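Reading through the structure tokens given below for one structure.
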Amino acid sequence: MDSKLSIIIPVYNNERYLQTTLQSVLAQTYPDFEVLVVDDGSTDGSLAICQEFAQKDRRLRVIHKENGGVSSARNRGIEEAVGKYIAFVDGDDCIDPEMYTTMITILQDTGADLVDCRVIKESQYMPRSYEKGDVEVSDHPLEYLSKKGYFIDSSLNKVYRRDFIGHTRFDEGISYSEDKLFVTELIFKAKRMALVSNVFYHYIQHGDSLSWQDTAAVWQGNFQVHQRIYQRMLDAHLSDAVLNSAFRGYVRSIIALLRYTVKYRQEDEYNRILKQYKPVLKQFLRTTPMSLGKKLEYVTYTTSYGLASLVHYHAKRRRS
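Positions 1 to 320 (full-length UniProt numbering) are the ones given, in order, by the sequence shown.
See below:
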């Protein structure tokens, strides 16, 4: 139909949280939507839960595939979707009932290619009272978001026109921070983007979620994505505002890697990273305006392993 929304939910071993997620999605007030649950080879009871929901609600369709990662599951959902609009929800998050009614109305009223809402991170779903939020529209999304400092973010708190997504897909070779590349490519080509100030999307923080795991693979993946994004912006010869925003994300991902090596006492890896990226870090500290406290924090982690370890140890003692 002309106004149908396709909501794509990749699922892999989410049985502990899946029921709450599906209930929040099916409670949407938007009148015309389908839910595509893509089971990515789950080995727990996730598939059975999805099938049970599908038997009770014809709006929900279950797609079962061999395990290939979250990017391949989302891409499969895009291929199967029939809606004019596309949205993504993770299998352990929740959304407010008015989310898609509000955001699709904004898309229709503004002619934007995509619309973005605010996100809240919490340990359990707490529905928020709905109030009409402020709407901002930009015909230069990269410039606009760069000045705000957050253009590289999640694919989940957005609604997209299906024809705008076109052939853009998630990179199936990346396991962590994969949606940042997808979003960057879309914002790169967007002619108009809308933002609404409502908090509609709820990231539920679970210790077993990939997004919240403190592992070398997570931080290395995050770094690789930010490195690619920054290089993409450099190659396109974009404005200083856009490049500076991408550069900040790139450097923060290096700092995050250094923090990880200090936390887990990986001195050799710390020294390798610092040696390789010292020129980048020096350039950042020399050219980027920041508070004194933030500059001291960065200097601490980019001077030596001994200094970084000492500061980390005392900070840990203060928290305990």
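The beta-carbon is built from N, C-alpha and C at its ideal position, and this holds for glycine as well. Being a predicted model, the structure only gives us computed values, none of them experimental.
- The DSSP-derived three-state label of ALA194 is strand.
- The beta carbon of ARG59 sits closer than 8 Å to those of LEU26, PHE33, GLU34, VAL35, all from its chain and outside the five residues before and after it, given in chain order.
- Put simply, of ILE204, ARG318, ALA308 the residue whose alpha carbon is nearest the alpha carbon of ARG16 is ILE204.
- Excluding its 5 nearest sequence neighbours in each direction, CYS50 has C-beta neighbours in its own chain below 8 Å: VAL11, LEU18, LEU22, VAL37, ASP39, LEU60, VAL62, listed in chain order.
- Excluding five sequence positions before and after ALA216, the CB atoms of its chain that fall closer than 7 Å to its own CB belong to TYR260, given in chain order.
- Take LEU243, set aside five residues on each side of it, and the residues of its chain with a beta-carbon closer than 6 Å to its own are MET233, in chain order.
- A residue is called buried when at least 16 other Cβ atoms come within 10 angstroms of its Cβ; ARG74 meets this threshold and is buried.
- The residues VAL11, TYR12, ASN13, in chain order, have a CB closer than 7 Å to that of SER42 in the same chain once the five nearest residues on each side in sequence are set aside.
- Contact check for VAL262 against ALA194 fails: the beta carbons are separated by 8 Å or more.
- Taking the C-beta atoms as reference points, ARG162 is found no nearer than 8 Å to ILE106.
- Spatial neighbours of ASN222 in its own chain (CB-CB distance under 7 Å, excluding positions within 5 residues in sequence) are listed in chain order as TYR176, SER177, SER253, ALA256.
- The bridge partners DSSP lists for LYS148 come to none.
- For the options ALA54, GLN220, PRO279, the alpha carbon positioned closest to that of GLU269 is the one of GLN220.
- Rounded to whole angstroms, LYS180 and ARG192 show a C-alpha spacing of 19 Å.
- One alpha carbon belongs to GLU136, the other to ARG248, and they sit about 24 Å apart.
- Closest in alpha carbon position to ALA81, among THR102, ARG318, TYR160, is TYR160.
- Counting other Cβ atoms within 10 Å of its Cβ, GLN28 reaches 16 or more and is therefore classed as buried.
- Looking at the DSSP output, HIS202 bridges to CYS94, ILE120.
- For TYR250, the CB contacts under 7 Å within the same chain, skipping 5 residues up- and downstream, are HIS226, GLN227, TYR230 in chain order.
- Between PHE200 and ASP171, the alpha-carbon positions lie close to 26 Å from each other.
- Your pair TYR30 and TYR100 checks out as a contact, with CB atoms roughly 4 Å apart and the cut at 8 Å.
- The closest CA to that of GLY166, considering only PRO141, GLY83, ILE104, ASP240, is found on GLY83.
- TYR85: member of the beta strand (DSSP E) spanning 85 to 88, first to last residue.
- Taking each of THR302, CYS117, SER3 in turn and checking the Cα distance to SER155, the smallest one comes out for CYS117.
- Counting the other CB atoms within 10 Å of its CB gives HIS202 a total of 16 or more, which places it among the buried residues.
- Under DSSP, ARG61 forms a beta bridge with LEU36.
- Straight across, the Cα-Cα distance linking THR302 with GLN283 is about 12 Å.
- TYR305 is the residue among LYS294, SER3, TYR305, MET290 whose C-alpha sits nearest the C-alpha of LEU274.
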